[in-house]
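Scroll down for the structure; my scribbles are underneath it.
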Amino acid sequence: MRISTQQQYFKSIDQMQNSQSKLAGLQDQVSTGKKLQTPSDDPVAAAQVVKLERELSQYEKYDDNINVTERRLALEETILDDVNIALNRMRELTLNAANGTLQDQDRKSIANELGQLTGYVAGLMNTQDSQGEYLFSGSQGSTKPYVLENGRYAYQGDDGQRQIQVGSELFMPSNDSGAYLFESVDDRLNVTMTGQEAFDYESGVTTTEPFVSNVSFASTEDEASFNEAVKGLGDLTIAVTEDAPIPSGSYSYQISDSGGNEIVSSTSFTPGDSIDFNGMAFELNAPASATDNTLTFNVSTEKKNILDVAMDLAEGLNKPVSSQAERDELSELVATSLDQFKQASDRNSEVVATLGSRLSSLEFMSSSNLDFKLFTESAISSLVDADLASAISLFKLEEATLSAAQATFGRVSALSLFNYIN
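Quick note on full-length UniProt numbering: the sequence shown kicks off at 1 and runs consecutively.
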C-alpha cells in the first residue's frame, strides 16, 4: 500500500492529538478524583447517577423527618411525665379529702391546691413545639387544644395524628391527640333510645316520646351494677305486648340482648310503672301500636377530661358539709374522682409506653436509612469516582506513548533520499 508523505504527517498528528486528549482526560481524573466529568463521558452511568442521587436525597429527607419526629416525641414524653406527677399529687389530695375528720376549711385548702394544679396541667396540655404547633391538638396544629369556657375546659382539637414518613414504606405518628390522652375519663352512663312512640291513656293520643322514658341511674354504684350485668350483651331491646284477650289494658314486657336472647322473661306491668333493671330505672308505658312494640336502648359511657374532674372535685370540696346526706354526696364524689384520676394516670402510662416503642422504632429506622445511604453513596462512587492508582498508571503509560510517538515522528519526518545525493 502506498503511503504518501501528507498521509503520514496527518496520521502521526492525529495519533499524537488523541494521545494528548487522553492525557488531558487522565490529568482531569487525577486532579479532580472524578472519572465522570460530564454526562457525555458515559451516558448510561450518568443516568444511573441521577437516579441514585434522587434516592440519596430521599433518604436525607427521611433523616430530617426522623429528627423532627424524635424531638416531638421526646417533648411529648417529657410533658406527659410532668402531667403524671401532677395527677399523682391530685390523687394524694383526693385521698386526703376522704378523711372524715377534715373541716370545711381543710377541704377548701385542698380545693385551692387542686385549682392550682388544674391550671398547671392545662398549661402543659397547651404546649407548643419549636415550630409553634400545639402538641396535643391532633391534626390541627395551629388550634389551641384547651380553652376555658363557662368555667370548664373544652377541647378544640380533633382525634387525628400527624403521620410523618420516616422510611420508604413507614409512617410514624409524631403526636397524640388530647382527645385520646386527656378526654378518656369515664363519666356517667348516657342512654339513647330508638323505637316506637308511646300511647298516652289519659289523653287518648299518641305522644311524641318513646314508650320508655325517664331513664336514670340513682348512683354510680347503680351504673357499675348495670355495666357488670350487661357486659358483652350489646344493645338491649325491650318489647311490650298486650295480654290476651285484646284489648285487655294489661301488658307484659321482656328484655333481650343484641343477639335476640331473652334476659328478662315476660313480666306484667301497668303503664306508667317504674321499672328497675340492674340499677337502670325507667318508666314504662304502652306502645302506640300493637305491632310496632319494640325499643332499643343504646347505652354508652360519656367521656370527661381530667381538668374538669379536678375542677368538679374542687367545687364539691368548697361546699360546706353539715348533714349526713351532704357527707354521703361528698364521699361519692371523692370515690368517683379517685377512680377517674386513676383512669387518667393509666392512659398516661399507656401512651408513655407507646412513645418509648415509637422512639425505639425511629432509632432502628435511622440505622437502616444510614445503611441504605452508605450503599447508595458507594454505588454513586463506583460510577463517578476515579481509581487514582489506575489513573496515574495510565497517565504515565500515555505520557510515555506520546513521547515515543513524538520522537519517532521526528525521525520519520527527517527521512529523505536527497540527504544522500551530494
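Think of the CB as a built atom: it goes at the ideal place given N, C-alpha and C, for glycine as much as any other residue.
All of these numbers come straight from a predicted model, not from anything done at the bench.
Check Gly-167 in the structure and name its three-state DSSP category. What you label residue 167 is simply residue 167 of the sequence shown in a count that begins at 1. Note: Gly-167 maps to strand in three-state DSSP.
Does DSSP put Arg-72 in a helix, in a strand, or in coil? Here the question's residue 72 lines up with position 72 in the sequence shown. In the structure shown, Arg-72 sits in a helix (DSSP, three-state: H, G or I).
Label Val-147 either buried or exposed according to how many other C-beta atoms from any shown protein chain fall within 10 Å of its C-beta, with 16 as the threshold for buried. Sequence index remark: in the sequence shown, residue 147 carries index 147 (1-based). With fewer than 16 other Cβ atoms within 10 Å, it is exposed.
Cα-Cα separation, Asp-129 to Arg-72: In the sequence shown, residue 129 corresponds to position 129, counting from 1. In the sequence shown, residue 72 corresponds to position 72, counting from 1. Rounded to the nearest angstrom, the two C-alpha atoms are 7 Å apart.
Inter-residue Cα distance where the pair is Ser-137 and Val-334: As a working mapping, residue 137 is identified with position 137 in the sequence shown. As a working mapping, residue 334 is identified with position 334 in the sequence shown. Spanning the two alpha carbons is a distance of roughly 30 Å.
Going by CA-CA distance only, name the one from Asp-106, Gly-151, Asp-176 that's closest to Val-352. Translated into positions along the sequence shown, residue 352 becomes position 352. It is Asp-176.
Count the other C-beta atoms from every protein chain shown that fall within 10 angstroms of the C-beta of Val-230, then say buried if there are 16 or more, exposed otherwise. Counting from 1 along the sequence shown, the entry for residue 230 is found at position 230. Label assigned to Val-230: buried.
Check whether Leu-114 and Leu-313 have beta carbons under 8 Å apart: As a first step, residue 114 is located in the sequence shown; it is residue number 114 there, counting from the start. As a first step, residue 313 is located in the sequence shown; it is residue number 313 there, counting from the start. Yes, these two residues count as a Cβ contact at 8 Å.
Comparing alpha-carbon positions, which option in Leu-75, Ile-66, Ser-109 lies nearest Pro-320? One-based indexing of the sequence shown puts residue 320 at position 320. The residue with the shortest Cα to Cα distance from Pro-320 is Ser-109.
Alpha carbon to alpha carbon, how far is Tyr-153 from Gly-123? Give it in angstroms, no decimals. Residue 123 sits at position 123 when you count from the first residue of the sequence shown. Residue 153 sits at position 153 when you count from the first residue of the sequence shown. The straight-line gap from Cα to Cα measures roughly 11 Å.
Tell me whether Phe-364 is buried or exposed, calling it buried when 16 or more other Cβ atoms sit within 10 Å of its Cβ. Position 364 of the sequence shown, counted from the first residue, corresponds to residue 364. Counting C-beta atoms within 10 angstroms of its own C-beta, Phe-364 has fewer than 16 neighbours from the protein chains shown and is therefore classed as exposed.
Taking the straight line between their C-alpha atoms, what separation do you get for Ala-286 and Met-311? Position 286 of the sequence shown holds residue 286. Position 311 of the sequence shown holds residue 311. Straight-line Cα distance between these residues: approximately 43 Å.
The segment 356-373 / the segment 334-348 touching (three or more Cβ pairs under 8 Å): no
Report all residues from its chain with a CB closer than 6 Å to the CB of Leu-233; omit the five preceding and five following residues, and keep chain order. Within the sequence shown, the letter at position 233 stands for residue 233. Cβ within range, chain order: Asp-257.
Taking a contact to mean a Cβ-Cβ separation below 8 Å, would you say Ser-161 touches Thr-143 in this structure? Residue 161 sits at position 161 when you count from the first residue of the sequence shown. Residue 143 sits at position 143 when you count from the first residue of the sequence shown. The residue you asked about is not Ser; residue 161 is Gln in the sequence shown. No, they are not a contact pair.
Going residue by residue through the segment 289-344, where are the continuous alpha helix (DSSP H) segments of at least 4 residues, counting only ones entirely within it? 306-317
Could you round the C-beta distance between Asp-159 and Tyr-180 to whole angstroms and report it? I think they count as a contact, below 8 Å. Here residue 159 refers to the residue found at position 159 when the sequence shown is read from its first residue. Here residue 180 refers to the residue found at position 180 when the sequence shown is read from its first residue. So it is a contact: roughly 6 Å between Cβ atoms.
Would you mind working out which of Asn-67, Asp-292, Leu-75 sits nearest Ser-366, comparing C-alpha positions? Position 366 of the sequence shown, counted from the start, is the residue given in the question as residue 366. Cα-wise, what sits closest to Ser-366 is Asn-67.
Compute the Euclidean distance between the alpha carbons of Ala-325 and Ala-86, then round it to the nearest angstrom. Counted from its first residue, the sequence shown places residue 325 at position 325. Counted from its first residue, the sequence shown places residue 86 at position 86. Using only the alpha carbons, I get a separation of about 31 Å.
I need the DSSP call for Val-230, collapsed to helix, strand or coil. For the purposes of this step, residue 230 is taken as the residue at position 230 of the sequence shown. Looking at Val-230 - three-state DSSP - the assignment turns out to be coil, as it is neither helix nor strand.
Close beta carbons around Ser-265, own chain, < 7 Å, minus the five adjacent residues each side: Indexing the sequence shown from 1 puts residue 265 at position 265. Closer than 7 Å at the Cβ level, and outside the excluded window around Ser-265, lie Gln-254.
Whole angstroms is fine: what's the gap from Ser-184's alpha carbon to Pro-145's? By one-based count along the sequence shown, residue 184 stands at place 184. By one-based count along the sequence shown, residue 145 stands at place 145. So the alpha carbons of these two residues sit roughly 15 Å apart.
What are the start and end residues of the alpha helix (DSSP H) that includes Thr-118? By one-based count along the sequence shown, residue 118 stands at place 118. Counting along the chain, the alpha helix (DSSP H) containing Thr-118 begins and ends at 104-125.
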